[in-house]
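Enquirer: Sequences listed follow chains F and W, in order. What the first sequence shows, in my numbering, is residues 22 to 134, in sequence order. What the second sequence shows, in my numbering, is residues 162 to 274, in sequence order. Even glycine gets a Cβ: it sits at the ideal position worked out from N, Cα and C.
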Amino acid sequence: EAGVAQSPRYKIIEKRQSVAFWCNPISGHATLYWYQQILGQGPKLLIQFQNNGVVDDSQLPKDRFSAERLKGVDSTLKIQPAKLEDSAVYLCASSLVGDTEAFFGQGTRLTVV
Amino acid sequence: GQSLEQPSEVTAVEGAIVQINCTYQTSGFYGLSWYQQHDGGAPTFLSYNGLDGLEETGRFSSFLSRSDSYGYLLLQELQMKDSASYFCAVRDEFTSGTYKYIFGTGTRLKVLA
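The structure is reproduced here in structure tokens:
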């Protein structure tokens with residue numbers, strides 16, 4: 022079974038530039054999560070989808086971050102414009118609805134200079 | 162507010178037993194999960210406790226006491242490959258059947274030869 026795929030693995034951008042991350046969850050997983058993990062900290066939930074609907078985006082900085090999940094499968098997370106404090110690893114995870122185990126991708130390490 | 166507290170770092174020798182504690186204070190609670198994350202890697206699921214008591218999976222065990230808002234992960238027969246960060250995560254409910262996971266700050270385990 023293929024795991025959660027994310028791209029790119031690494032990205033370096035200048036502040037005020039835009040960046041997009043892509044995630045392909047495990048087939049059949051209706052729940053998709055985007056987490057932000059700052060170095061030395063635990064993952065922080067940015068947005069959670071169930072199919073193509075948003076379950077929670079209370080911690081998503083909506084003035085600069087946006088996310089979508091078209092057709093309830095792949096998802097993209099965008100930052101526009103980026104700030105220095107956005108430097109982090111962005112993790113995508115997926116799970117079956119109501120399941121206790123979430124499967125994480127390798128993440129995208131973003132560095133904003 | 163919501164908080165999950167873990168020790169920042171634990172060091173032990175190969176073959177030893179180590180316990181990583183997690184105390185939580187959250188608005189809702191349905192269970193406690195544990196994840197392992199190697200440097201540069203994806204978090205991977207280790208265990209889940211929905212009820213009080215001990216769950217055992219090979220060399221790893223996890224314990225939960227809901228009345229004390231406390232849980233721990235026990236790693237036995239430590240191996241060098243167990244050197245990683247360990248996160249507890251509270252499972253809380255958005256709406257009926259839809260759950261979210263709030264992660265702790267993580268414990269960095271160093272296993273010495």
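Flag this pair as yes or no: are the beta carbons of F:Q27 and F:Q127 separated by less than 8 Å?
Expert: yes
Enquirer: Given F:L112, which residues of its chain have a CB within under 7 Å of its CB, disregarding the five upstream and five downstream residues?
Expert: Y56, Q58, P64, F125, G126 and G128
Enquirer: Do F:I47 and F:V75 have their C-beta atoms within less than 8 Å of each other?
Expert: no
Enquirer: Count the other CB atoms within 10 Å of the CB of W:G232; is the residue buried (16 or more) or exposed (fewer)?
Expert: Result: buried.
Enquirer: Is there a C-beta anywhere in chain F that falls below 8 Å from the one on W:P204?
Expert: yes
Enquirer: Does the CB of W:K242 have a neighbour CB from chain F at under 8 Å?
Expert: The beta-carbon of W:K242 is placed no less than 8 Å from the nearest beta-carbon of chain F.
Enquirer: Please decide whether W:T266 counts as near chain F, where near means a Cβ-Cβ distance under 8 Å.
Expert: Output row for W:T266: interface = yes.
Enquirer: Just to confirm before moving on: does the CB-CB distance between W:F190 and W:V251 stay below 8 Å?
Expert: yes
Enquirer: Compute the Euclidean distance between the alpha carbons of W:V171 and W:T268, then round it to the nearest angstrom.
Expert: As the crow flies, the alpha-carbon of W:V171 is around 7 Å from that of W:T268.
Enquirer: Just mark W:S188 as buried or exposed, buried being the case when its beta carbon has 16 or more other beta carbons within 10 Å.
Expert: exposed
Enquirer: Just tell me which of W:H199, W:W195, W:L236 and W:I178 has its CA closest to the CA of W:A245.
Expert: W:H199
Enquirer: Check each candidate in F:R85, F:V118, F:D84 and F:S108 and name the one with the smallest Cα separation from F:A51.
Expert: F:V118
Enquirer: Measure the Cβ-Cβ separation of W:I263 and W:L193 and say whether it is below 8 Å.
Expert: no
Enquirer: Taking Cβ positions only, does F:L91 come closer than 8 Å to chain W?
Expert: no
Enquirer: Out of F:S87, F:L60, F:G61 and F:L131, state which residue places its alpha-carbon closest to the alpha-carbon of F:F70.
Expert: Closest option to F:F70, judged by alpha-carbon separation, among F:S87, F:L60, F:G61 and F:L131: F:S87.
Enquirer: Nearest to W:L239 by CA position, among W:Y209, W:P168, W:I178 and W:C183, is which residue?
Expert: W:I178
Enquirer: Who pairs with W:D213 in a beta bridge, going by DSSP?
Expert: Partner(s): none; W:D213 has no beta bridge.
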